[in-house]
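Using my numbering, the first residue of the sequence shown is number 194, and each one after it goes up by one. Ideal placement from N, C-alpha and C gives every residue a C-beta, glycine not left out. These numbers come from a predicted model, not from an experiment. Scroll down for the structure; my scribbles are underneath it.
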Amino acid sequence: ATMGYGNFSPTDLRKSLAGKTASANDQFSGTRDGFSGSSSVKDVETMMQLLYLHVTAPRKDTSLFNSFIQKNKSQLAMLSANPQAAFIDTFYKTLFNNNPLAPVAVPHAEYFDKVNLDRSMEIYKAHFGDMSGMQFAFAGNIDEAKLIPLIEKYIASLPASGKKFNYTDNKVRSVKGRKELNAYKGKEEKSLVLAVFSGEVPYSEDEALKASALTEILNIRIIEELREKVQGIYGGGIYGGLEKTPYPSYSFVAQLPCGPEKADTLTKALQNEIMKVRTKGIEESYLNKVKKQWLEAHKETIKSNSAWASKIINNKIEGEDLDRFINYEKYVAKLTTADIKKAANTYLAGSNLLVATLMPDKYDPKGEAITSTGNRKNVVMKTIAVKSADIKVELYDNGDVDGDEVTVYFNGAVVSTKQKLTEKPVTLNLKAIKNAANELVMFADNMGTIPPNTALMKIYADGQVYELRVESDEKKNGVIRFSLN
194 ATMGYGNFSP TDLRKSLAGK TASANDQFSG TRDGFSGSSS VKDVETMMQL
244 LYLHVTAPRK DTSLFNSFIQ KNKSQLAMLS ANPQAAFIDT FYKTLFNNNP
294 LAPVAVPHAE YFDKVNLDRS MEIYKAHFGD MSGMQFAFAG NIDEAKLIPL
344 IEKYIASLPA SGKKFNYTDN KVRSVKGRKE LNAYKGKEEK SLVLAVFSGE
394 VPYSEDEALK ASALTEILNI RIIEELREKV QGIYGGGIYG GLEKTPYPSY
444 SFVAQLPCGP EKADTLTKAL QNEIMKVRTK GIEESYLNKV KKQWLEAHKE
494 TIKSNSAWAS KIINNKIEGE DLDRFINYEK YVAKLTTADI KKAANTYLAG
544 SNLLVATLMP DKYDPKGEAI TSTGNRKNVV MKTIAVKSAD IKVELYDNGD
594 VDGDEVTVYF NGAVVSTKQK LTEKPVTLNL KAIKNAANEL VMFADNMGTI
644 PPNTALMKIY ADGQVYELRV ESDEKKNGVI RFSLN
């Protein structure tokens, strides 16, 4: 759409479609390629013509391409200055263990420098230039006698080699175990808590429905307990569920925007609400409320042409049961409070849990977390209670290796000087002292090419492993404090 189709630039296309109600769009994801379209009854052929052009005549326009690249670079340059965007970017890199194949949550402006027009055209044609295996579904006010000749003209004539296409599982998985991420960015008194529960689990449509009900009920509880009683969040909630492709899995993300003074309280309150559902279950009234909302919404959904077309396609491609859409009420009615409790214990037990907290730069809740060190401030990002004095620390570059260089101090003494952070660890063996500050201070000797200087720090203590992201820049030193009991 950015460059148009056939002999039509985007402007030409808009002029040509004036007075008509018709559209067609290509859709591209990690597991599926396809098209969607809609039209008035009288403009069905125009919709078909647009689809035909999408497949057979993608348009190449260097000027429009360059304009698209520059526009996105400008927008993303502004976005990268947003502390919350930078935090979310770090959060997803942490979640997927810096896997380069993982989804990009916040694209960087420099990514667009690598986009090549000719290669982009090649990729488009590879995905959309061969209709082998493509399924088409039409829903709406259809006159078959008029539609079939249009299908024969515009769809049956599309190129198809007979080749079999399928998606590939690229083996990207979220991190295992329980992890914490603490970031200090921005000057506004705003915080954000993100918690993601994830893992692999067999997929079924029954389980997917139970998982959806669980999120709906938790969102009601979050509004009642966290927003209205604790009065700590501006909005937020929990979303997610089960996925069948590219591999059977679940993912639930809780999002709590709040003031920094409420971040810890809300994190504990969320965990408490989840634990209540896991141990005590829920009251019938909560489930009945969700069922009522769902059934009212379904009365409208089942009238939607796009919903019908989508369900038919999912039935053909993934084997989804159309009866669950047609007789939705029957499946909703079967849900019980016991189902919700079991789902909470299956998906929210926290065996794989990443909790990330964004706090303002230099946030000092008690006046004791920040102390002067030279011209920079020491910001305590985490305090770890340890029983053994022996502590092992490994430092890696977090994300792309970009020349970060650090000096590390422990209890005021230099333990590592101007070490470059790479994918290989800088290893430190430390010994904590009773009644001492036991502060590990990371001083940034430079910012690398992508500031700030962020290290992945693995800490081995008392038989446990802690993974932390520690940031330092020209104004602050990231600090980890150990409390020796």
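How is residue i classed by DSSP in three states: helix, strand or coil?
| i | result |
| --- | --- |
| V619 | strand |
| D226 | strand |
| S569 | Just to set this straight, residue 569 is Arg in the shown sequence, not Ser. If DSSP states are grouped into helix, strand and coil, R569 belongs with the strands. |
| I533 | helix |
| Q328 | coil |
| S202 | coil |
| R471 | helix |
| L614 | coil |
| D465 | According to the sequence as given, residue 465 is Asn; it is not Asp. Three-state result, N465: helix. |
| Y524 | helix |
| F390 | strand |
| Q657 | strand |
| Y602 | strand |
| Y432 | strand |
One question on the structure: do residue i and residue j come within less than 9 Å of each other, judged by their Cβ atoms?
| i | j | result |
| --- | --- | --- |
| S609 | V594 | no |
| G596 | N639 | yes |
| L614 | N646 | yes |
| T530 | E477 | yes |
| G546 | F390 | Strictly speaking, residue 546 in this sequence is Leu, with Gly absent from that position. It is a contact, given that the beta carbons lie within the stated cut-off. |
| L459 | I426 | yes |
| G434 | A404 | yes |
| H247 | F329 | no |
At a cut-off of 8 Å, would you count residue i as near the ligand MN, judging by its Cβ distance to the nearest heavy atom?
| i | result |
| --- | --- |
| N622 | This structure does not include the ligand MN; it has no bound ligands of any sort. |
If you draw a straight line from the alpha carbon of residue i to that of residue j, how long is it in whole angstroms?
| i | j | result |
| --- | --- | --- |
| A332 | I495 | 12 Å |
| I413 | Y479 | 8 Å |
| N200 | T255 | 14 Å |
| I519 | I505 | 11 Å |
| N481 | I431 | 19 Å |
| P450 | P352 | 50 Å |
| I584 | Y653 | 6 Å |
| A718 | S229 | In the structure as shown, the chain begins at 194 and stops at 678. Residue 718 is therefore absent and cannot be evaluated. |
| S325 | F258 | 29 Å |
What first and last residue would you give for the alpha helix (DSSP H) that runs through residue i?
| i | result |
| --- | --- |
| Y245 | 237-249 |
| Q448 | Note, Q448: premise wrong, no alpha helix (DSSP H); beta strand (DSSP E) at 442-451. |
| Q220 | Counting along the chain, Q220 falls outside any alpha helix (DSSP H), though it belongs to the beta strand (DSSP E) covering 215-221. |
| S313 | 310-321 |
| N265 | 255-273 |
Run the CB neighbour count on residue i, radius 10 Å, all protein chains shown included, and call it buried at 16 or more, exposed below.
| i | result |
| --- | --- |
| D665 | Looking at the sequence provided, one finds Ser at residue 665 rather than Asp. That one is buried. |
| N363 | exposed |
| Q268 | exposed |
| L649 | buried |
| R207 | exposed |
| S397 | exposed |
| N359 | exposed |
| A215 | buried |
| S367 | buried |
Hey, quick one: how far does the beta strand (DSSP E) through residue i stretch, first residue to last?
| i | result |
| --- | --- |
| V634 | 632-639 |
| R371 | 371-377 |
| D590 | 583-590 |
Looking at chain C, is there any beta carbon in it that lies within less than 9 Å of the beta carbon of residue i?
| i | result |
| --- | --- |
| T460 | Reference to chain C is not applicable here, since this structure consists of a single protein chain. |
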